[in-house]
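Notes follow once the structure below has been shown.
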Amino acid sequence: MTSDTPGTSAGRSRREWLAVLAHAPRTSLHRLADPILTQPFDWLRQPETGLAMLRARIGNGGDRFNLGEATLTRCVVRHRGAQGTVTAGIGYVLGRDAERAGWVARLDALLQQPEQHEALRDVIEPLRAATAERRAETQARTDASRVEFFTLQPEVST
-3 MTSDTPGTSA
7 GRSRREWLAV
17 LAHAPRTSLH
27 RLADPILTQP
37 FDWLRQPETG
47 LAMLRARIGN
57 GGDRFNLGEA
67 TLTRCVVRHR
77 GAQGTVTAGI
87 GYVLGRDAER
97 AGWVARLDAL
107 LQQPEQHEAL
117 RDVIEPLRAA
127 TAERRAETQA
137 RTDASRVEFF
147 TLQPEVST
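Under the numbering used here, read the sequence shown as residues -3 to 154, first letter to last.
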């Protein structure tokens, strides 16, 4: 199995592609991933839905507090590559979408196989672009309703 040690370039790459896969729109992920996931995978953990506690910090630096719970689906698969390399792929997605979590886990397992990187670049890059486009649209809608308070005059006491 390949390692995902924090601080290594392999660890950063894996974190990046897992973030892209987890945030990818379902339709794009289905269109790009489904045709290439024809290889055999073993389920180590079938997709299961549960709750995760969301925690936050006061002022982004103060004490932690429980913000609430979010529904998520997770699973783990194992894949044996053409050269005998065994990798485990994980899939965590918000919501109750077992099929999407399975796509993420299987793509993660394949992406850990060096011989698959070039072939899967055609999956990751369009998903990264679709996510960036969706975030830009959301930011544009948010910016349209932004109030700039710097134009208000502070009250002066005499």
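Backbone N, C-alpha and C define an ideal beta-carbon position, used for all residues, glycine too. A quick note: this is a predicted structure, and the numbers were derived from the prediction, not measured.
Check, Outcome
"Reduced DSSP category for Leu40 - H, G, I as helix; E, B as strand; rest coil", "strand"
"Buried/exposed call for Asp118, threshold 16 Cβ in 10 Å", "exposed"
"C-alpha distance - Asp139 paired with Ala115, whole-angstrom precision", "38 Å"
"Separation of Arg130 from Arg124, as counted between CA atoms", "10 Å"
"Contact set for Ala105: own chain, Cβ-Cβ below 8 Å, skip 5 residues either direction", "Phe37, Val73, Arg74, His75, Thr83, Ala84, Gly85"
"C-beta contact flag for Ala48 and Ala66 at 7 Å", "yes"
"Proximity winner among Leu107, Gln42, Ala136, relative to Ala29 (alpha-carbon distances)", "Leu107"
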